[in-house]
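The numbering of the sequence shown is the UniProt record's numbering, which starts it at 1 and goes up by one. Here is the structure we will look at.
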Amino acid sequence: MSADVIATPLPDCPDIEQAFATSWPVRLGDTDGHDRLRLDAVARYLQDIGFDHLDAVEDGDAHQAWIVRRTVIDVYEPIVFGDRVHLRRWADALSNRWCDMRIQLKGERGGHIEAAAFLIHIDPVAGRPARMSDAFMAPMLASTTEHRLRWRAALTELNGVAAEAVSFPLRVTDVDRLGHVNNAVYWEAVEEALAAHPEHHELPYRAIVEHVGPVMMGDKVVLRTSLQPGSLRLQVDVDGSARALGSVERLAGDR
Numbered sequence: 001m002s003a004d005v006i007a008t009p010l011p012d013c014p015d016i017e018q019a020f021a022t023s024w025p026v027r028l029g030d031t032d033g034h035d036r037l038r039l040d041a042v043a044r045y046l047q048d049i050g051f052d053h054l055d056a057v058e059d060g061d062a063h064q065a066w067i068v069r070r071t072v073i074d075v076y077e078p079i080v081f082g083d084r085v086h087l088r089r090w091a092d093a094l095s096n097r098w099c100d101m102r103i104q105l106k107g108e109r110g111g112h113i114e115a116a117a118f119l120i121h122i123d124p125v126a127g128r129p130a131r132m133s134d135a136f137m138a139p140m141l142a143s144t145t146e147h148r149l150r151w152r153a154a155l156t157e158l159n160g161v162a163a164e165a166v167s168f169p170l171r172v173t174d175v176d177r178l179g180h181v182n183n184a185v186y187w188e189a190v191e192e193a194l195a196a197h198p199e200h201h202e203l204p205y206r207a208i209v210e211h212v213g214p215v216m217m218g219d220k221v222v223l224r225t226s227l228q229p230g231s232l233r234l235q236v237d238v239d240g241s242a243r244a245l246g247s248v249e250r251l252a253g254d255r
């Protein structure tokens with residue numbers, strides 16, 4: 001499944017000092033009852049550093065609309081409340097309309113998370129994939145030799161698989177400026193599934209969310225979960241149609 005598409009471990013930056021870097025404290029609203037930085041908060045951190053990165057590169061102001069196709073979060077050691085998290089971000093692969101961005105998160109108290117996000121650049125008026133400018137791509141091209149990135153799905157739908165189904169109500173605060181349910185909300189669904197199956201929090205673990213279609217405000221969302229050998233699978237459905245797929249599975253070895 002995912003091992004055929006996503007490298008394990010996620011690849012390092014060829015020159016980490018050239019990656020975009022920032023840091024901030026871990027706040028109370030980002031953590032759970034055990035002080036652990038939640039996965040939905042990690043997803044927001046990936047969005048936040050992405051927009052900070054846009055402010056630091058040429059033509060960043062002309063590349064403000066993005067859709068997340070897949071996010072991978074590898075948790076080696078939890079980052080905790082009150083810690084200061086240091087983030088580094090760089091391009092691991094790209095084409096001229098999309099890219100795979102790597103993000104490293106390290107806490108000053110030893111927390112360690114590696115992440116990757118497959119992002120599609122969108123024309124905000126036409127609503128379709130748009131070419132990135134040469135100036136914008138220049139530093140990305142310098143950080144990777146993979147310049148012909150192609151999309152390959154890592155997960156499959158839970159067709160014909162026994163799964164528990166529960167309602168997953170949306171709130172008005174779940175919708176972002178593009179009119180879609182924000183990417184971090186899908187990771188709230190992952191946290192819900194993990195709360196019911198806490199054994200899958202055993203470190204280190206990899207969590208993946210792949211987006212199949214948009215979820216809009218007013219949709220009646222159903223969260224389906226299935227325990228499979230070695231993994232916890234989940235699916236976000238609207239009207240019986242999959243809109244997002246997820247998995248949580250153990251990582252082999254340490255980083």
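Heads up, the beta-carbon is just placed ideally off N, CA and C, and yes, glycines get one too.
- Message: Within 10 Å of its beta-carbon, does residue 169 have 16 or more other beta-carbons around it, so buried, or fewer, so exposed?
- Response: Under a 10 Å Cβ-count criterion, residue 169 is classified as exposed, with fewer than 16 other Cβ atoms of the shown protein chains found around its own Cβ.
- Message: Taking 7 Å as the limit between beta carbons, can you name the residues of its chain near residue 251, skipping five residues before and five after?
- Response: Within the same chain, and ignoring the five residues on either side of residue 251 in sequence, the residues whose Cβ sits closer than 7 Å to its Cβ are 8, 74, 204, 205 and 206.
- What residues are listed by DSSP as bridge partners for residue 74? Within the DSSP secondary-structure output, residue 74 pairs in a beta bridge with 114 and 206.
- Item | Closest residue to residue 40 among 208, 241 and 128 (Cα-Cα distance) | It is 208.
- Message: Suppose contacts are defined by Cβ-Cβ distances below 8 Å. Is residue 132 in contact with residue 179 by that definition?
- Response: Taking 8 Å as the Cβ cut-off, residue 132 and residue 179 do not qualify as a contacting pair.
- Query: Anyone know if the C-beta pair for residue 83 and residue 111 falls short of 8 Å?
  - Reply: Yes, the pair counts as a contact, with Cβ atoms nearer than the cut-off.
- Message: Within a Cβ cutoff of 7 Å, which residues of the same chain sit near residue 238, ignoring the five residues on either side of it in sequence?
- Response: Only residues of its own chain outside the window of five on either side were considered, and among them 215, 219, 220 and 221 have a CB closer than 7 Å to the CB of residue 238, listed in chain order.
- Message: Distance check for residue 115 and residue 63, CA to CA, integer angstroms please.
- Response: Distance between the alpha carbons of residue 63 and residue 115 is about 21 Å.
- Message: If I follow the unbroken beta strand (DSSP E) through residue 201, where does it start and stop?
- Response: Here residue 201 belongs to no beta strand (DSSP E), and DSSP marks it neither H nor E.
- Query: Whose C-beta lies closer than 6 Å to the C-beta of residue 166 among residues of the same chain, with five residues either side of it excluded?
  - Reply: Spatial neighbours of residue 166 in its own chain (CB-CB distance under 6 Å, excluding positions within 5 residues in sequence) are listed in chain order as 223.
- For residue 106, write down the residues that DSSP places opposite it in a beta bridge. Paired residues: 86 and 112.
- Same chain, Cβ closer than 8 Å to residue 160, five either side skipped, listed in chain order: Closer than 8 Å at Cβ, skipping near neighbours: no residue.
- Message: Measuring straight from C-alpha to C-alpha, what distance separates residue 150 and residue 157?
- Response: When rounded, the separation of the alpha-carbon atoms in residue 150 and residue 157 is 20 Å.
- Message: Distance check for residue 35 and residue 184, CA to CA, integer angstroms please.
- Response: When rounded, the distance between both Cα atoms is 19 Å.
- Message: On the DSSP letters alone, give me the boundaries of the beta strand (DSSP E) that residue 123 sits inside.
- Response: The continuous stretches of beta strand (DSSP E) do not include residue 123, and DSSP gives it neither H nor E.
- residue 31: beta carbon under 7 Å from a heavy atom of the ligand MG? This structure lacks the ligand MG, and indeed carries no ligand of any kind.
- Message: Using a Cβ distance threshold of 8 Å, determine whether the region 120-131 contacts the region 44-55, with at least three qualifying pairs required.
- Response: Output reads no: the region 44-55 does not touch the region 120-131.
- Message: Judging by CA-CA distance, which residue of 174, 33 and 106 is the nearest neighbour of residue 255?
- Response: Nearest C-alpha to residue 255: 106.
- Give the C-beta separation of residue 122 and residue 66 to the nearest angstrom, bearing in mind that I take them to be a contact with Cβ-Cβ under 8 Å. That pair is a contact at about 6 Å.
- Can residue 79 and residue 10 be called in contact, C-beta distance under 8 Å? For residue 79 and residue 10, no; Cβs fall outside 8 Å.
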